[in-house]
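S.K.:
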Amino acid sequence: GNSVTQMEGPVTLSEEAFLTINCTYTATGYPSLFWYVQYPGEGLQLLLKATKADDKGSNKGFEATYRKETTSFHLEKGSVQVSDSAVYFCALSDNRGSTLGRLYFGRGTQLTVWP
Amino acid sequence: DGGITQSPKYLFRKEGQNVTLSCEQNLNHDAMYWYRQDPGQGLRLIYYSQIVNDFQKGDIAEGYSVSREKKESFPLTVTSAQKNPTAFYLCASRVTATGNTIYFGEGSWLTVV
Chain A
31 GNSVTQMEGP VTLSEEAFLT INCTYTATGY PSLFWYVQYP GEGLQLLLKA TKADDKGSNK
91 GFEATYRKET TSFHLEKGSV QVSDSAVYFC ALSDNRGSTL GRLYFGRGTQ LTVWP
Chain B
310 DGGITQSPKY LFRKEGQNVT LSCEQNLNHD AMYWYRQDPG QGLRLIYYSQ IVNDFQKGDI
370 AEGYSVSREK KESFPLTVTS AQKNPTAFYL CASRVTATGN TIYFGEGSWL TVV
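Shown next as structure tokens:
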């Protein structure tokens with residue numbers, strides 16, 4: 031079946047530190063992969079995406095590479111800011127079969143950045 | 310502006326009452342979704358619809374019902390059969406069932422008192 035596993039939080043960093051949030055997945059076929067961000071009390075916003083192996087998604091200094099060989103899509107940022115404090119969700123979209131159109135989310139990782 | 314509108318933002322319900330959460334989108338998207346979010350548990354799929362007049366149960370459909378009579382609307386009813394309905398509810402949509410980007414509404418907080 032399909033599932034997403036992301037690292038447990040919370041993650042606490044100082045401003046300008048390097049960020050990695052690990053995400054691995056299990057899927058049948060060739061899913062699309064996403065990172066979403068959720069600020070307190072709000073809905074989810076798409077941060078970046080990748081639709082095939084070796085694609086790199088990037089946005090606002092965040093990056094993630096679709097690694098089929100390790101079934102991973104780790105989120106990275108070279109220098110975090112206080113404004114990056116939020117909950118980050120890794121997700122996959124099943125693009126075929128009986129679960130066509132389903133979305134699968136990880137549990138989310140809370141990131142807090144201190145000045 | 311185009312987007313997904315959920316209402317109400319905050320809702321209080323007495324035990325034993327049904328309540329309906331509204332989700333409207335003007336993005337002309339075919340597929341729509343309802344998720345429930347509880348602290349520390351991520352998002353769980355309640356129902357989804359790939360096209361008008363059709364919908365499928367997700368992982369936690371018990372105690373919920375939906376309808377998809379119009380392309381732009383996908384209301385969720387939380388019935389009295391839902392044992393623990395207090396949660397944050399998120400509606401989402403995408404162009405088609407395989408369209409890559411999923412857009413989310415701002416969410417609705419439901420509290421049972």
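Protein chains in written order, with the numbering used here: chain A, 31 to 145; chain B, 310 to 422.
Built from N, CA and C at the ideal position, the CB exists for glycine as well.
Leaving out five residues on either side along the sequence, give the residues of the same chain with a beta carbon under 6 Å from the beta carbon of Ser44 of chain A.
M.R.: Counting only Cβ-Cβ distances below 6 Å, and skipping sequence neighbours, we find Trp144.
S.K.: Looking at the unbroken beta strand (DSSP E) that takes in Ala390 of chain B, where does it start and where does it end?
M.R.: Careful: Ala390 of chain B lies outside any beta strand (DSSP E) and carries neither H nor E.
S.K.: State the start and end residues of the unbroken beta strand (DSSP E) segment that holds Gly73 of chain A.
M.R.: It is not in any beta strand (DSSP E) - Gly73 of chain A carries neither H nor E in the DSSP assignment.
S.K.: Classify Thr42 of chain A: buried if its beta carbon has 16 or more other beta carbons within 10 angstroms, exposed otherwise.
M.R.: Thr42 of chain A is exposed by the Cβ-count criterion.
S.K.: Which parts of the stretch 355 to 393 of chain B are runs of the beta strand (DSSP E), unbroken and 3 residues or longer, counting only runs that do not cross its ends?
M.R.: The stretch 355 to 393 of chain B contains these whole beta strand (DSSP E) runs: 363 to 366, 373 to 375 and 385 to 387.
S.K.: With 9 Å as the C-beta to C-beta threshold (strictly closer), list the residues of the stretch 73 to 85 of chain A near chain B in chain order.
M.R.: Taking 9 Å as the Cβ-Cβ cut-off against chain B, the residues of the stretch 73 to 85 of chain A that qualify are Gly73, Leu74, Gln75, Leu76, Lys79 and Thr81.
S.K.: Phe364 of chain B and Cys332 of chain B - do their beta-carbons sit closer together than 8 Å?
M.R.: Taking 8 Å as the Cβ cut-off, Cys332 of chain B and Phe364 of chain B do not qualify as a contacting pair.
S.K.: What residues from chain B crowd round Gly138 of chain A, counting only those whose CB sits closer than 9 Å?
M.R.: In chain order: Gln346, Gly349, Gln350, Gly351 and Leu352.
S.K.: Can Thr395 of chain B and Leu419 of chain B be called in contact, C-beta distance under 8 Å?
M.R.: Yes.
S.K.: Taking a contact to mean a Cβ-Cβ separation below 8 Å, would you say Val34 of chain A touches Gly136 of chain A in this structure?
M.R.: Result yes, Cβ atoms of Val34 of chain A and Gly136 of chain A sit closer than 8 Å.
S.K.: Would you mind telling me which residues of chain A sit closer than 9 Å to Ile355 of chain B, beta carbon to beta carbon, in chain order?
M.R.: Result: empty, since nearest Cβ-Cβ is about 12 Å, beyond 9 Å.
S.K.: Find out if the Cβ-Cβ distance for the pair Phe103 of chain A, Leu141 of chain A is shorter than 8 Å.
M.R.: Not closer than 8 Å, so no.
S.K.: Who are the near neighbours of Ser115 of chain A in its chain, counting only those whose CB is closer than 7 Å to its CB and skipping five residues on each side?
M.R.: Result list for Ser115 of chain A: Leu141, Thr142 and Val143, in chain order.
S.K.: Is Val110 of chain A helix, strand or coil when you go by DSSP?
M.R.: Correct three-state label for Val110 of chain A: coil.
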